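Asker: One structure follows; several queries about it will come next.
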Amino acid sequence: MAEHAIKKCINPDCGKSYGIDNDIYRCTCGSLLDIKYSKRPSRDLIERFYQRRNHGGNIYNESGVWRFRDLVNFAGIDTEDFNECARVLVSLDGSEGRLSKPYNMSKAADYADMSHDSFFLQPEGYNPSGSFKDNGMSTAVTHAKMLKVKKIICASTGNTSASAAMYAANEDIQCDVYIPKGEIAPGKLGQAFQFGAQVIQVQGNFDDALATSLKNAKETGGYTVNSVNPFRIEGQKTIVYRVMEHLNWNPPDWIVYPGGALGNTSSCGKALIELYEWGWIKKIPRIVVVNAEGANTLYELYNGMFEGKKLSWNDGRPDLGMVDRYYADLDKQGIRPKTHATAIQIGRPANIVKALRALHFTNGIVVQATDREMSDGMSIVGLNGFDCEMASGAVPAGVRKLRKEGTIKKDDVVVGILTGRQKDPSLAVEYHMNADNMFARPPTNH
C-alpha cells in the first residue's frame with residue numbers, strides 16, 4: 001500500500017507511526033491514532049470539487065464524501081481515474097453525503113433567536129442509512145476492503161449498526177453489531193436486521209457493548225468500525241468540507257454538534273486543523289458540543305465540575321487519571337447515562353482525547369441540554385419541514401441557550417449539524433400528545 005499515508009500516535013510524547021496495511025487503531029502506548037498525509041493538497045482543488053458537482057454519472061463525484069476524495073486519499077489512488085476509484089472506494093451508488101448541506105430554517109432560527117440569514121442546519125439524516133455515520137463508514141469499509149477483511153464489527157446505540165450493516169451488505173462482508181439490550185430505537189434495530197447483520201445484545205449500556213465488541217474483535221480478527229478507527233474520522237471530515245463549500249470556503253463563526261462518543265467533534269477538529277495548516281482557511285470556527293444532561297461526561301470534565309479542575313488538551317497530555325477517577329466515581333455512585341436521546345446516551349466517550357484537541361484548537365465550548373429542551377429542538381426542526389432525531393435537537397437547543405447567555409451573537413454565522421433522522425417515532429408522538437410542550441400540536445377529536 002502507498003506510503004504517503006500513515007497512522008500516527010496522537011500522544012506527542014510518543015508519536016509512533018504505523019503503516020496503513022493493518023487494522024491497528026490504538027498505539028502501543030494506549031493512545032489513539034491519526035491518519036497523516038505526506039503531501040499538502042493545493043487549494044486549487046476547490047475548483048475541482050465544484051466542477052465535480054456536475055457529476056456526469058460518476059458516482060464518486062456525486063458522493064458528498066468521495067467528491068472530496070483528494071483530501072482523504074489514504075488509498076493513494078489516481079482520483080481522476082474512474083476505474084481505479086471503482087476498484088477501491090466503497091460507495092452506496094454515490095448517495096453518502098449527496099444531499100447533506102447547510103439549510104436556512106427560519107422557524108428554528110426564531111427559536112434560537114438567530115438571524116435567518118446566518119443560521120444554518122445541516123441534516124445528515126439525508127444519508128442513505130439516515131445518519132451522519134455513512135460519511136465515515138464509507139471510508140472505514142474502504143480500508144477494510146483494502147485489507148480484504150471478511151467481517152466488520154461495531155458497538156452501537158443504533159445509527160452505527162445501521163450504517164455498518166448497510167455497507168457490509170453492499171460489499172458482501174459479514175457484520176456483527178453489539179447493542180445495549182433494550183436501549184436502542186426500534187427503527188435503528190430494524191435496520192441492522194434488515195441489512196443482514198448478526199445482532200449481539202449486551203446487558204448494560206453502550207459503553208459495555210463497546211468494551212465487549214472490542215474484546216471480541218481482538219479475539220476473532222474482526223475489523224472494528226467504531227469511531228476509535230481513524231479511518232472513520234477521515235470520512236466524517238467531509239461534513240465540514242460540505243459546510244465550507246456552501247459558504248464559499250469562508251468559515252462560519254461556530255459549528256455545533258451533539259456530543260456522544262465525540263467522533264464528530266474529533267473529525268471536525270482534525271478537518272479544521274488540516275485546512276488551517278494547508279492555508280485553505282485563515283479563520284478558525286469555534287466548536288460547540290452539546291451533551292445530553294443525562295450523559296454529560298465531557299460537559300462536567302471540560303467545565304471543571306469534577307475535582308474543581310478543568311480537563312484540557314494540555315499540549316497533548318490531558319489528565320487521563322482524572323478521567324479514570326471520574327468514571328470510578330460514577331460507578332461508585334451507581335450513575336449510568338440516561339436520556340431519551342439514545343444516540344448520545346454514552347457515558348465514556350471513546351474519542352474524548354481527540355475531542356479535547358479539537359476544543360483546544362478552536363477555543364470550543366461544551367454545554368448541556370435537558371431531554372425536554374432537545375425535544376423542543378427536534379420539534380422546531382420538524383416544523384421547518386425537516387426531520388431529525390432527538391439527539392440532533394440538542395443543536396438548536398444549545399444555540400438557543402448560548403444566545404440567551406450572549407456567548408453567540410444574533411448575526412454570528414452558525415452551522416449546526418443535525419446528525420440523524422427520527423427512527424423512534426414514539427418520541428414525536430409522545431411530545432405532541434402533551435399540550436404543555438412548547439411546539440406540541442395534539443390531535444383533536446371529530
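Taken in order, the sequence shown gives residues 1 to 446; the numbers are from full-length UniProt numbering. Note that beta-carbon positions come from the ideal geometry of N, C-alpha and C, so glycine has one too. Only a predicted model underlies this, so the values are computations on that prediction, with no experimental measurement involved.
1) So VAL65 is in the alpha helix (DSSP H); what residue range does that whole segment cover?
2) Could you spell out the range, first to last residue, of the alpha helix (DSSP H) harbouring LYS283?
3) From what residue to what residue does the alpha helix (DSSP H) around GLY321 run?
4) For TYR18, list the residues DSSP reports as bridge partners.
5) Who are the near neighbours of ASP93 in its chain, counting only those whose CB is closer than 6 Å to its CB and skipping five residues on each side?
6) To test your reading of the DSSP string, which unbroken beta strand (DSSP E) runs of 3 or more residues are found completely within the stretch 41-102?
7) Would you mind giving the Cβ-Cβ distance between VAL289 and TYR241, rounded to the nearest angstrom? I have them listed as a contact below 8 Å.
8) Closest to ASN384 by CA distance: which of ALA109, GLU62, GLU47, GLY190 is it?
9) Quickly, what does DSSP pair ARG26 with across the bridge? List them, please.
10) Is it true that the CB of ILE417 sits closer than 9 Å to the CB of LEU121?
11) Give the DSSP bridge partners of SER131, in chain order.
12) On the CB-based measure, 16 or more other CB atoms within 10 Å of its CB, does GLU245 come out buried or exposed?
13) Would you call the stretch 290-307 and the stretch 379-395 touching, i.e. three or more CB-CB distances under 8 Å?
14) Mind checking whether ASN135 and THR212 have CB atoms under 9 Å apart?
15) Here's the rule I'm using: 16 or more other beta-carbon atoms within 10 Å means buried, otherwise exposed. How should LEU320 be labelled?
16) Say whether the stretch 224-231 touches the stretch 186-199, bearing in mind that this needs 3 or more beta-carbon pairs closer than 8 Å, one atom from each stretch.
17) What is the rounded straight-line gap between the Cα of PHE49 and the Cα of ILE184?
18) Would you mind reading off the limits of the alpha helix (DSSP H) that contains ALA217?
19) Nearest by alpha-carbon distance to LYS133: which of LEU147, LYS150, ALA164, ALA112 is it?
20) Hey, would you say MET137 sits closer than 9 Å to MET166, going by beta carbons?
21) According to the Cβ coordinates, are GLY187 and LYS423 closer than 9 Å?
22) Using DSSP bridges, identify the partner residues of TYR257.
23) Can you give me the start and stop residues for the alpha helix (DSSP H) that GLN191 sits inside?
24) Counting pairs of beta carbons, one from the stretch 363-372 and one from the stretch 320-330, are three or more of them closer than 8 Å?
25) Quick one, are the C-beta atoms of TRP254 and ILE287 less than 9 Å apart?
26) Pairing CB atoms from the stretch 260-268 with CB atoms from the stretch 38-58, are three or more of them under 8 Å?
Answerer: By the coordinates alone:
1) As a first step, residue 65 must be located in the sequence shown, where it is residue number 65. Looking at the DSSP string, VAL65 is not in any alpha helix (DSSP H), and its letter there is neither H nor E.
2) In the sequence shown, the residue the question calls residue 283 occupies position 283. No alpha helix (DSSP H) holds LYS283; DSSP gives it neither H nor E.
3) By 1-based counting over the sequence shown, the position of residue 321 is 321. Note, GLY321: alpha helix (DSSP H), 320-333.
4) Within the sequence shown, the letter at position 18 stands for residue 18. LYS7.
5) Against the sequence shown, residue 93 aligns to sequence position 93. Excluding positions up to five away in sequence, the list reads ILE59.
6) With a minimum length of 3 residues, no continuous beta strand (DSSP E) run stays inside the stretch 41-102.
7) Reading the sequence shown from its first residue, position 289 is the one you call residue 289. Reading the sequence shown from its first residue, position 241 is the one you call residue 241. VAL289 to TYR241, Cβ: 20 Å. No contact.
8) Stepping through the sequence shown from its first residue, residue 384 is reached at position 384. Ranking ALA109, GLU62, GLU47, GLY190 by Cα distance to ASN384 puts ALA109 first.
9) In the sequence shown, the residue the question calls residue 26 occupies position 26. Beta-bridge partners assigned by DSSP to ARG26: LEU32.
10) Taking the sequence shown and counting its residues from 1, one reaches residue 121 at position 121. Taking the sequence shown and counting its residues from 1, one reaches residue 417 at position 417. Taking 9 Å as the Cβ cut-off, LEU121 and ILE417 qualify as a contacting pair.
11) Locating residue 131 in the sequence shown gives position 131, where the first residue counts as 1. Its beta-bridge partners are GLY420.
12) By one-based count along the sequence shown, residue 245 stands at place 245. Flag for GLU245 reads buried.
13) yes
14) Translated into positions along the sequence shown, residue 135 becomes position 135. Translated into positions along the sequence shown, residue 212 becomes position 212. No. Outside cutoff.
15) Taking the first residue of the sequence shown as position 1, residue 320 is located at position 320. Exposed, since its Cβ has fewer than 16 Cβ neighbours within 10 Å.
16) Fewer than three pairs of CB atoms, one per stretch, sit closer than 8 Å, so the stretch 224-231 makes no contact with the stretch 186-199.
17) Your numbering for residue 49 matches position 49 in the sequence shown. Your numbering for residue 184 matches position 184 in the sequence shown. Going from the Cα of PHE49 to the Cα of ILE184 covers about 37 Å.
18) The sequence position of residue 217 within the sequence shown is 217, counting from 1. Taken as a continuous stretch (DSSP letters only), the alpha helix (DSSP H) holding ALA217 covers 206-220.
19) Within the sequence shown, residue 133 is the residue found at index 133, counting from 1. It is ALA164 whose Cα lies nearest to the Cα of LYS133.
20) Here the question's residue 137 lines up with position 137 in the sequence shown. Here the question's residue 166 lines up with position 166 in the sequence shown. Judged by beta-carbon spacing, MET166 lies within the 9 Å limit of MET137, meaning their Cβ atoms are closer than that value.
21) As a position in the sequence shown, residue 187 is number 187, starting the count at 1. As a position in the sequence shown, residue 423 is number 423, starting the count at 1. Yes, the Cβ-Cβ distance between GLY187 and LYS423 is below 9 Å.
22) Counting from one through the sequence shown, the residue named residue 257 turns up at place 257. In DSSP, TYR257 forms a bridge with VAL289.
23) By one-based count along the sequence shown, residue 191 stands at place 191. Looking at the DSSP string, the run of the alpha helix (DSSP H) that includes GLN191 is 186-194.
24) Output reads no: the stretch 320-330 does not touch the stretch 363-372.
25) Here residue 254 corresponds to residue number 254 of the sequence shown, with the count starting at 1. Here residue 287 corresponds to residue number 287 of the sequence shown, with the count starting at 1. Yes, these two residues count as a Cβ contact at 9 Å.
26) The answer is no - the stretch 38-58 does not touch the stretch 260-268, with fewer than three Cβ pairs under 8 Å.
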